[in-house]
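In UniProt numbering, the protein residues as written are 1 to 242.
Yeah, the Cβ is synthetic: ideal placement off N, Cα and C, and Gly gets one too.
Since we're looking at a predicted model, the values are computed, not measured.
Note sheet for the following structure.
Here it is, written out as structure tokens:
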């Protein structure tokens, strides 16, 4: 993605990345990722969203403080999730005028995350005043979309084989006698988590089953419970296999 185009349009690194599972080297995010300041503060030095690395990011916040020296300008910027210090190094003999930024107004930042002695900072590539509050709304939507999409990719890439290879009869052993293939799939998902303290939660089961049986999961769980194949543990929505 052309960087200038990315900056004009906002962000989003998942739009034109169809598959993250083909090659782990392709999982490095090359485009600009919309984030909230709180995500930056809570991140490790290797900033990731659901295990997808983030290189360049963008966020919107209120400019609270400016400190200028001969070599750099630091800006303290705040959004509803936190405050972070950003740094812009001054360029020698730069002829392009800098945008006018006012304290207590919204700005958009494009930059790179750095960890300076344990303190998170963003090195600014570009900082602009926000001219339209609709851009703030769009940014919040982009952050939500990016996070949800990254979670979907993470879960898809970490789904056990038995949850997608539903036509493989080798997964059905004597434990599944008398069950339909759909019931056996749900049973096996639950059985695979028997070594955990509380088993598996209902919503996690739904996240692992093939889409074609998703709407039947509650009914299947009721059948398996009634027949004594599974039982509840910590709550009525946590299950283990017998």
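Cutting at 6 Å between CB atoms, please list the residues of its own chain near residue i, excluding the five before and the five after it.
{"i": "residue 67", "result": "74"}
Residue i and residue j: beta carbons closer than 8 Å?
{"i": "residue 83", "j": "residue 64", "result": "yes"}
{"i": "residue 198", "j": "residue 242", "result": "no"}
{"i": "residue 201", "j": "residue 237", "result": "yes"}
{"i": "residue 60", "j": "residue 108", "result": "yes"}
{"i": "residue 38", "j": "residue 81", "result": "yes"}
{"i": "residue 128", "j": "residue 99", "result": "yes"}
{"i": "residue 41", "j": "residue 105", "result": "no"}
{"i": "residue 79", "j": "residue 36", "result": "yes"}
{"i": "residue 121", "j": "residue 85", "result": "yes"}
{"i": "residue 72", "j": "residue 57", "result": "no"}
Grab the span of the alpha helix (DSSP H) containing residue i for me, first residue to last.
{"i": "residue 186", "result": "181–191"}
{"i": "residue 222", "result": "217–226"}
{"i": "residue 202", "result": "202–208"}
Taking 8 Å as the limit between beta carbons, can you name the residues of its chain near residue i, skipping five residues before and five after?
{"i": "residue 209", "result": "163, 185, 186, 189 and 217"}
{"i": "residue 244", "result": "Look at the range of the chain in this structure, 1 to 242, and you will see that residue 244 is not part of it."}
{"i": "residue 102", "result": "63 and 129"}
{"i": "residue 155", "result": "207"}
At the level of alpha carbons, what is the spacing between residue i and residue j?
{"i": "residue 225", "j": "residue 231", "result": "6 Å"}
{"i": "residue 55", "j": "residue 69", "result": "27 Å"}
{"i": "residue 133", "j": "residue 193", "result": "47 Å"}
{"i": "residue 135", "j": "residue 219", "result": "44 Å"}
{"i": "residue 180", "j": "residue 43", "result": "45 Å"}
{"i": "residue 34", "j": "residue 211", "result": "29 Å"}
{"i": "residue 145", "j": "residue 207", "result": "18 Å"}
{"i": "residue 92", "j": "residue 196", "result": "60 Å"}
{"i": "residue 27", "j": "residue 124", "result": "Low per-residue confidence applies at residue 27: pLDDT is 37, beneath 50, and the placement is therefore not dependable, though the value from the model is reported in the following sentence. Between residue 27 and residue 124, the C-alpha separation is close to 24 Å."}
{"i": "residue 214", "j": "residue 126", "result": "45 Å"}
{"i": "residue 118", "j": "residue 191", "result": "43 Å"}
{"i": "residue 305", "j": "residue 141", "result": "No information on residue 305 is available, as it lies outside the stretch 1 to 242 that the chain covers here."}
{"i": "residue 228", "j": "residue 235", "result": "17 Å"}
{"i": "residue 116", "j": "residue 223", "result": "56 Å"}
{"i": "residue 137", "j": "residue 131", "result": "13 Å"}
{"i": "residue 32", "j": "residue 178", "result": "52 Å"}
Could you pull the start and end residues of the beta strand (DSSP E) that residue i belongs to?
{"i": "residue 230", "result": "230–232"}
{"i": "residue 32", "result": "32–34"}
I'd like to know if residue i contacts chain B, where contact means its C-beta is closer than 8 Å to some C-beta of that chain.
{"i": "residue 89", "result": "Absent here is chain B; the protein component of the structure consists of one chain."}
So, at 7 Å on beta carbons, what are the nonlocal neighbours of residue i in its own chain, with the 5 sequence-adjacent residues on each side left out?
{"i": "residue 143", "result": "34, 35 and 36"}
_At 4 residues or longer, what runs of the alpha helix (DSSP H) sit wholly inside the region 120–162?_
Here the runs fully enclosed are 134–157.
*Going along the chain, which unbroken runs of the beta strand (DSSP E) with 3 or more residues stay wholly within the region 37–114?*
56–68, 72–79 and 82–89
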